[in-house]
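Numbering-wise (numbering that gives the first Met the number 0), the sequence shown opens with residue 0 and increments by one.
No residue lacks a Cβ here, since even glycine has one placed at the ideal position from N, Cα and C.
Because the structure is a prediction, the values reported are computed rather than measured.
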Amino acid sequence: MPNDPDFVVEKWGTTRPSEGRVFAAVFAHSDDLAIFAGGTAMKLISEGYKGYFIKTTNDEMDSYDLSFAETVYRIAKETEDVVDYLKLEKLYSLDYKNHYLEHSQLTEIRHRLIMLFRFLKVDTVITFDPWGHYEENPDHYITAHAVETASWTAGRQLDLPELKDMGLMPKFVTRKYLVARGPQLVNRVVDITPVIDKKLECMKLHVTPMDNMYRTYKDLHPDAKITQDEFVESEFLQKADPMYGVEYAEKFHYIDETDSFSFMRNQKS
Ligand SMILES: [Zn+2]
Numbered sequence: 000m001p002n003d004p005d006f007v008v009e010k011w012g013t014t015r016p017s018e019g020r021v022f023a024a025v026f027a028h029s030d031d032l033a034i035f036a037g038g039t040a041m042k043l044i045s046e047g048y049k050g051y052f053i054k055t056t057n058d059e060m061d062s063y064d065l066s067f068a069e070t071v072y073r074i075a076k077e078t079e080d081v082v083d084y085l086k087l088e089k090l091y092s093l094d095y096k097n098h099y100l101e102h103s104q105l106t107e108i109r110h111r112l113i114m115l116f117r118f119l120k121v122d123t124v125i126t127f128d129p130w131g132h133y134e135e136n137p138d139h140y141i142t143a144h145a146v147e148t149a150s151w152t153a154g155r156q157l158d159l160p161e162l163k164d165m166g167l168m169p170k171f172v173t174r175k176y177l178v179a180r181g182p183q184l185v186n187r188v189v190d191i192t193p194v195i196d197k198k199l200e201c202m203k204l205h206v207t208p209m210d211n212m213y214r215t216y217k218d219l220h221p222d223a224k225i226t227q228d229e230f231v232e233s234e235f236l237q238k239a240d241p242m243y244g245v246e247y248a249e250k251f252h253y254i255d256e257t258d259s260f261s262f263m264r265n266q267k268s
């Protein structure tokens with residue numbers, strides 16, 4: 000809330016204070032990044048960040064009625080288009096089966112993320128909030144938990160100690176921009192007004208998932224008179240709450256582990 004002393008509205012500047020920093024946007028699905036944090040990714044890159052997209056599933060179920068193979072093929076291409084559009088360095092797709100991320104895979108995903116975080120020298124993640132409420136998609140909440148655990152174990156000396164012999168030295172991920180579809184603690188709002196048109200263009204590059212979203216919506220609301228473009232705009236062009244003082248925004252639970260070192264992190268003194 001804006002009256003919280005830790006609450007921040009990130010506005011656009013003209014400097015590049017984040018030169019040398021690296022973020023990984025770790026999401027389950029091709030379209031998650033653009034939907035939840037496309038504007039924020041553009042802003043961080045404009046400030047000097049290098050960005051990577053790590054996608055945990057293969058998106059095989061995100062078409063309306065194509066085969067799995069055709070769906071994977073099309074979305075792989077569309078995701079590369081979005082990576083180029085957002086000026087990200089590279090996509091790493093871990094390609095776990097869509098809708099079937101499981102707790103049994105959690106440790107394996109964590110280890111793959113530790114290796115990538117160390118190799119890419121990631122210091123910031125943009126991902127799902129593992130403490131957000133009412134998230135129903137296991138791909139989202141399993142990814143959230145894997146990223147959260149990998150972020151601190153990547154910096155510890157005795158987690159995967161053999162990686163040090165391979166030159167992948169411990170490094171903590173210290174900044175986290177966490178998104179949620181349901182209620183969460185929001186302490187940071189990123190102004191995306193300057194890039195709202197670009198965010199919308201980026202959404203439209205996700206041709207297959209947007210078609211699926213629209214047709215699924217029509218199944219649930221057969222009487223709705225709305226075109227696909229109108230649907231996408233009504234979903235993703237919602238104005239920010241006036242209390243934030245910006246026209247369009249992306250909202251986060253933001254954590255910076257370097258603010259202070261506290262084993263009991265809620266102790267402010
Ligand atoms: Zn998703």
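- Tell me where the alpha helix (DSSP H) around D83 begins and ends. 67-84
**Study point:** Local Cβ density within 10 Å of R109, reported as buried at 16 or more and exposed below that
**Key:** buried
Next on the checklist: Relative to the C-alpha of K49, which candidate in V21, A239, N136, T215 has its C-alpha closest?
Outcome noted: V21
What are the start and end residues of the beta strand (DSSP E) that includes A248?
248-255
- [ ] On a CA-only basis, which of E46, D218, M114, D190 is nearest K86? Give me that one, please.
- [x] E46
**Asked** Measuring CB to CB, does G244 end up less than 9 Å from V8?
**Response** yes
Exercise for review: Count the other C-beta atoms from every protein chain shown that fall within 10 angstroms of the C-beta of G12, then say buried if there are 16 or more, exposed otherwise.
Suggested key: Counting C-beta atoms within 10 angstroms of its own C-beta, G12 has fewer than 16 neighbours from the protein chains shown and is therefore classed as exposed.
Check: Going by the beta-carbon positions, is the gap between S62 and D210 smaller than 9 Å?
Finding: yes
Can you tell me the Cα-Cα spacing of A145 and I53, whole angstroms? 12 Å
Using only the alpha-carbon positions, how far apart do K250 and L105 sit? 26 Å
Check your understanding: If we call anything under 9 Å between Cβ atoms a contact, is E147 one with K175?
Key -> Cβ distance < 9 Å, so E147 and K175 count as in contact.
| Going along the chain, which residues of its own chain have a beta-carbon closer than 7 Å to the beta-carbon of T257, five neighbours each way excluded? | T173
Requested in this report: Taking L119 as the reference, give the member of F35, S150, T142, N97 with the closest Cα.
Outcome: S150
Since F22 is in the beta strand (DSSP E), which residue starts that stretch and which ends it? 21-26
- Query: Whose CB is closer than 7 Å to a heavy atom of ligand 1? List the residues in chain order.
  - Reply: F26, A27, H28, D30, D31, N136, D138, H139
**Q.** DSSP three-state assignment for I191, whether helix, strand or coil
**A.** coil
TODO: Out of D158, M165, V206, A153, point me to the one whose CA is closest to R70's CA.
DONE: Per the sequence presented here, residue 70 reads as Thr, with Arg not at that position. For the residues D158, M165, V206, A153, the minimum Cα distance to T70 belongs to V206.
- Message: Going by the DSSP bridge assignment, what does E233 pair with across the sheet?
- Response: Here residue 233 is Ser; the residue named in the question, Glu, does not match the sequence. Beta-bridge annotation (DSSP): S233 is not paired with any residue.
Checklist line | Cβ-based neighbour list, F35, same chain, cut-off 6 Å, excluding 5 preceding and 5 following | finding: V178
### Task
Can you check DSSP and say which residues form a bridge with T56?
Y95
query = Which value, in whole angstroms, describes the spacing of the CA atoms of R291 and A23?
reply = Outside the displayed span of the chain (0 to 268) sits residue 291, for which this structure offers no information.
Put V185 into one of helix, strand or coil per three-state DSSP.
DSSP places V185 in coil when its eight states are reduced to three.
request  = Kindly indicate which three-state DSSP category R15 falls into: helix, strand or coil?
outcome  = coil
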